[in-house]
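Taken in sequence, the protein lines are chains A and B. First residue of the first sequence? That's 1 in my numbering, and the numbers climb one at a time after it. First residue of the second sequence? That's 1001 in my numbering, and the numbers climb one at a time after it. Heads up, the thing below is written out as structure tokens.
Protein chains: 2
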Amino acid sequence: MKNVIIAQSGGPTSAINASLAGVISGVRKSGKFGKIYGSLHGVTGVLEEKFIDVTDMSDFTQLISTPAMYLGSCRYKLTDPMKDPSDYNKLFEVFNKLDIEAFFYIGGNDSMDTAAKLSEYGRILGSDISFIGVPKTIDNDLVLTDHTPGYGSAAKYIATSMLEIAHDTYIYGIPCVTIVEIMGRDAGWLTAAAALARNEYNETPQLIYLPEVPFSIEKFIEDVKEKLKAHNNLVVAVSEGIRDENGIYITSTAAAADKFGHAQLSGAGKALEIIVKKEIGVKCRSVEMNILQRCAAHVASSTDLKESFELGEAAAALAADGKTGLMPAIIRESDSPYTYHIDAVDTTQVANKESNVPVEWITPEGNDVTDDLITYIKPLIQGEAFPTYKNGLPDYMNISHLI
Amino acid sequence: MKNVIIAQSGGPTSAINASLAGVISGVRKSGKFGKIYGSLHGVTGVLEEKFIDVTDMSDFTQLISTPAMYLGSCRYKLTDPMKDPSDYNKLFEVFNKLDIEAFFYIGGNDSMDTAAKLSEYGRILGSDISFIGVPKTIDNDLVLTDHTPGYGSAAKYIATSMLEIAHDTYIYGIPCVTIVEIMGRDAGWLTAAAALARNEYNETPQLIYLPEVPFSIEKFIEDVKEKLKAHNNLVVAVSEGIRDENGIYITSTAAAADKFGHAQLSGAGKALEIIVKKEIGVKCRSVEMNILQRCAAHVASSTDLKESFELGEAAAALAADGKTGLMPAIIRESDSPYTYHIDAVDTTQVANKESNVPVEWITPEGNDVTDDLITYIKPLIQGEAFPTYKNGLPDYMNISHLI
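What follows is the structure, given as structure tokens:
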């Protein structure tokens, strides 16, 4: 029997190892493959022949709950094979040497581009190797799939944090504005998840700004003044990627720049904090939600981990069927009850494309999301699948092979 | 039977409602009191006669797991009774009106000051009201108690986050420095908790800087260069309060200021990020751990919540015994197995004082903590007491009475 290689790429998520576990599980279940190589640091692990053997891995509980890449990542873009085929020649040399029949690349749209190119190059060479992409990104910006693995856990972390920030905010009875900056340079999916923190007692965040619609500082000041009439404690969720009507990031607008001189130093949240203090004169603080957005596995969504595992298994099944150039995708059937099935889509159709929040899911005022968007996200954060704890801390997989 | 008032003050923690639950439980158990009034927004709730009745609260599970103050907070400092007794006169007027026999103030050293002053004023008036302080602060900077409620949960959040940041960091095989700025303006207890993230595979954070020792930018650059020789991925934990030998915060030193002009805009983490990029030229990012340090009840320490509840009950017992001007404190008996008992200390001895990390628990190089410090913190983060979840999010207490 021939062998397979699995690699992970792009930015970390809390669910990418669940996909890895799914691929390993699916490969074993198929009975069609021999060894399972884990390529270290994405496709560069193949180029440099750095592998670990994961064939015998069978207890996936700990792997599934471990954040970021068990196999490491890379940001390597393969050379254009028409101009310089050296990367491709080296990769196929290694594939032949290790008797590889399937290569799985778990990642975002760059990784789908790699899978698509390898598949195409394989066709040219007459190779029978399956190149299968497995989707993941907290940004939820892949096309042709209802959503992406990793997004649900990031959204759960963001909504949980926003609810806790609400509790933190409500303790004082004096007017205060809290700006929370959330990841998502071009797509507002993550920022939109802040709306899930609203419940029967919590109206925060009362304002939400996504990068999909142009941001106006004047309108923002009006919005804040208006909301402060009804709310002592105002929480604003803002995407790091908000831009004005000319496409200039708010961090580097003149209004902000003359306040802090050095644009790279401050994100959208800090810029808006300064604007609120200057223009409205009310107590204001800004919070930049940190990289835990993408690696807080201690509060992962079990729906997300389950789907990620299933997509990994589906990828293995595609390879076992001899398919290539495909990515398993989630097709939603219904919101409530939430049902879906997994289909396969062409990696060339996913590569280098981006899915943004539809404008009809943003309110006409451009300062909030609609109920349809909340209905869309809600199923994805359901269920808790927390790691086991040892000595008071999550007991994650030992990653010393990366160090 | 006479009645009691409970109030909460200062900054939020994940455990302050466990203390509230403990006081209510202890008051009921004592059988010596009637109504239990919750004063809204600290002592200002008494001044403004804003109360909720918590006498009949008996299921404490949800309250214990809810972060920040169920009763709200204030930053109100009572007037000096020698100069202006109006606050005191009003307070005792309300106490008499409501037939109060005990007043419990859950808070940090400012709150202990309030409890002490009220107790002293009561003595002068010949009042038999008990004024009892109940300790809490994530900063762990109260004297005469081994540690403070709220600290263990904050430390658990910080250590968990640092471990997840380690997983996030190790995915790339290229040199990278990550600076993590942690709360604690004067005391390094919270920053020291970052060391708990180290385990059999994770050596990060390799450098830790506390405010208790002067910070030298030159030494820091040397430290980073030295560590980069052995570690691709360097994580530095730094207190927000680091200062140079002249007591100037690192955010406003000349070295940092000429890079970003406007000192208030950036904390220690961002300042060090700029220094690393400029002086060492390696990839560097900074992360400011946000306000979740004090309100992330979703990853609270069960040891912390249990102790906080017990201290609340102990406070009630002191009042039932007719004591005043006291605060229950934790006296550690042994580290491993971790044992302690609760004693009572004088609030005047706690008021307006600060406990810092002993210099002997910081390495001679000033860039790490000793094993003794880790041994001290470890028991405090043990055990998980997570909230129940509803619709994918923590099911916290409804706080609409604060809104």
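Don't be surprised by glycine CBs; every beta carbon is placed ideally from N, CA and C.
> Residue ranges of each alpha helix (DSSP H) run of no fewer than 4 residues wholly in the region 193 to 246 of chain A, ordered along the chain?
Replying inline: List check, alpha helix (DSSP H) in window: 217 to 228.
> What distance in whole Å lies between the Cβ atoms of Ile1208 of chain B and Val1369 of chain B, which are believed to be in contact at a cut-off of 8 angstroms?
Replying inline: The pair is a contact, with the Cβ atoms about 6 angstroms apart (cut-off 8 angstroms).
> Roughly how many angstroms separate the alpha carbons of Lys277 of chain A and Lys283 of chain A, rounded to a whole number?
Replying inline: If you take the alpha carbons of Lys277 of chain A and Lys283 of chain A, they lie about 7 angstroms apart.
> Since Glu164 of chain A contacts His1041 of chain B with CB under 8 angstroms, what's their CB separation in whole angstroms?
Replying inline: Not really, about 20 angstroms apart at Cβ, beyond 8 angstroms.
> Using the beta-carbon count (16 or more within 10 Å), is Asn950 of chain B buried or exposed?
Replying inline: Residue 950 of chain B is absent from the model: chain B starts at 1001 and stops at 1403.
> Which full runs of the beta strand (DSSP E) of 3+ residues lie inside the region 1267 to 1346 of chain B, going along the chain?
Replying inline: Here the runs fully enclosed are 1283 to 1288, 1326 to 1335 and 1338 to 1346.
> Beta-carbon separation of Ala1197 of chain B and Ala1166 of chain B under 8 angstroms?
Replying inline: For Ala1197 of chain B and Ala1166 of chain B, yes; Cβs fall inside 8 angstroms.
> Going by beta carbon distance, what residues of the same chain come within less than 8 angstroms of Gln1062 of chain B, once the five residues before and after it are set aside?
Replying inline: Excluding residues within five positions, the ones whose Cβ falls inside 8 angstroms are Pro1387, Thr1388, Asp1395, Tyr1396 and Met1397.
>> For Phe1215 of chain B and Ile1242 of chain B, what's the separation of their Cα atoms in angstroms?
In response: So the alpha carbons of these two residues sit roughly 6 angstroms apart.
> Taking Cβ-Cβ distances shorter than 9 angstroms, what residues in chain A pair up with Ile1403 of chain B?
Replying inline: Under the 9 angstroms cutoff, chain A gives Tyr170, Tyr201, Asn202, Glu203, His231, Asn232 and Asn233.
> So, are the CB atoms of Ala1315 of chain B and Pro1328 of chain B less than 8 angstroms apart?
Replying inline: Yes, Cβ-Cβ distance for Ala1315 of chain B and Pro1328 of chain B is below 8 angstroms.
> Any idea if Gly1247 of chain B is buried or exposed, counting beta-carbon neighbours within 10 angstroms, 16 or more meaning buried?
Replying inline: With fewer than 16 other Cβ atoms within 10 Å, it is exposed.
>> Beta carbons nearer than 9 angstroms to chain B: which residues of the region 280 to 298 of chain A have them?
In response: Listed in sequence order: Arg285, Val287, Glu288, Met289, Asn290, Ile291, Leu292, Arg294, Cys295, Ala296, Ala297 and His298.
> What separation, rounded to the nearest whole angstrom, lies between the Cα atoms of Ile129 of chain A and Ala1300 of chain B?
Replying inline: Approximately 49 angstroms between the Cα atoms of the pair.
> Taking DSSP as the reference, what is the three-state secondary structure of Pro387 of chain A?
Replying inline: Note: Pro387 of chain A maps to coil in three-state DSSP.
>> Is the beta carbon of Val1238 of chain B closer than 8 angstroms to that of Glu1310 of chain B?
In response: Not closer than 8 angstroms, so no.
> Taking buried to mean at least 16 other C-beta atoms within 10 Å of its own C-beta, is Ser1054 of chain B buried or exposed?
Replying inline: Note on residue identity: the sequence assigns Val, not Ser, to residue 1054 of chain B. Result: buried.
> Are the C-beta of Gln206 of chain A and some C-beta of chain B separated by less than 8 angstroms?
Replying inline: By this cut-off, Gln206 of chain A is not an interface position.
>> Between the alpha carbons of Asn1089 of chain B and Glu1120 of chain B, how many angstroms are there, rounded?
In response: Computed Cα separation, rounded: 13 angstroms.
> For Asn3 of chain A, which three-state DSSP category applies?
Replying inline: Strand.
> Considering Val1023 of chain B, what are the terminal residues of the alpha helix (DSSP H) in which it resides?
Replying inline: For Val1023 of chain B, the uninterrupted alpha helix (DSSP H) run begins and ends at Ile1016 to Ser1030, by DSSP.
> Residue ranges of each beta strand (DSSP E) run of no fewer than 3 residues wholly in the region 64 to 132 of chain A, ordered along the chain?
Replying inline: Fully enclosed beta strand (DSSP E) runs of 3 or longer: 100 to 107.
> Where does the unbroken beta strand (DSSP E) through Thr251 of chain A begin, and where does it stop?
Replying inline: Where Thr251 of chain A is concerned, there is no enclosing beta strand (DSSP E), given that its DSSP letter is neither H nor E.
> Can you pull the DSSP bridge partners for Pro394 of chain A?
Replying inline: According to DSSP, which records beta bridges pairwise, Pro394 of chain A is partnered with A:Tyr389.
> Does the distance from the C-beta atom of Leu190 of chain A to that of Ile221 of chain A stay below 8 angstroms?
Replying inline: Annotated as distal: Leu190 of chain A and Ile221 of chain A, with beta-carbon spacing of 8 angstroms or more.
>> On a Cα-Cα basis, can you pick out the residue from A:Ala21, A:Thr204 and A:Thr44 that is closest to Ser9 of chain A?
In response: Closest by alpha carbon: A:Thr44.
> Which one of A:Ser73, A:Leu71, A:Gly133 and A:Gly150 has the shortest CA to CA distance from Leu305 of chain A?
Replying inline: The shortest CA-to-CA distance from Leu305 of chain A to any of A:Ser73, A:Leu71, A:Gly133 and A:Gly150 is the one to A:Gly150.
> Near Thr324 of chain A, what residues of its chain come up, given a Cβ to Cβ distance below 6 angstroms and the 5 sequence neighbours on each side ignored?
Replying inline: Same-chain partners within the cutoff: Ser119, Ser130 and Phe131.
> Taking the C-alpha atoms as reference points, what is the distance between Asn1233 of chain B and Thr1169 of chain B?
Replying inline: Just so you know, the alpha carbons of Asn1233 of chain B and Thr1169 of chain B end up roughly 7 angstroms apart.
> Between Val1027 of chain B and the rest of its own chain, which residues show a CB-CB distance below 6 angstroms, the 5 nearest in sequence each way excluded?
Replying inline: So the list reads Val1004, Phe1033, Ile1036 and Ala1316, once near-sequence residues are dropped.
> CA-CA distance, Ala1454 of chain B and Ile1106 of chain B?
Replying inline: This structure cannot settle anything about residue 1454 of chain B, because the visible part of chain B is limited to 1001 through 1403.
>> Tell me the residue span of the alpha helix (DSSP H) that contains Thr169 of chain A.
In response: Looking at the DSSP string, the run of the alpha helix (DSSP H) that includes Thr169 of chain A is Tyr151 to Thr169.
> What is the residue span of the alpha helix (DSSP H) that Gly45 of chain A lies within?
Replying inline: Its alpha helix (DSSP H) spans residues Val43 to Leu47.
> Can you name the residues of chain B whose CB is closer than 8 angstroms to the CB of Asp163 of chain A?
Replying inline: For the record, residue 163 of chain A in the displayed sequence is Leu; it is not Asp. Near Leu163 of chain A (Cβ distances below 8 angstroms), the residues of chain B are Leu1393, Pro1394 and Tyr1396.
> Any idea if Phe260 of chain A is buried or exposed, counting beta-carbon neighbours within 10 angstroms, 16 or more meaning buried?
Replying inline: At Phe260 of chain A, the pLDDT of 40 sits below 50, so the modelled position is not reliable; the number obtained from the coordinates is stated separately. Classification of Phe260 of chain A: buried, given that the 10 Å Cβ count is 16 or more.
> Can you pull the DSSP bridge partners for Phe1051 of chain B?
Replying inline: According to DSSP, which records beta bridges pairwise, Phe1051 of chain B is partnered with B:Ser1039.
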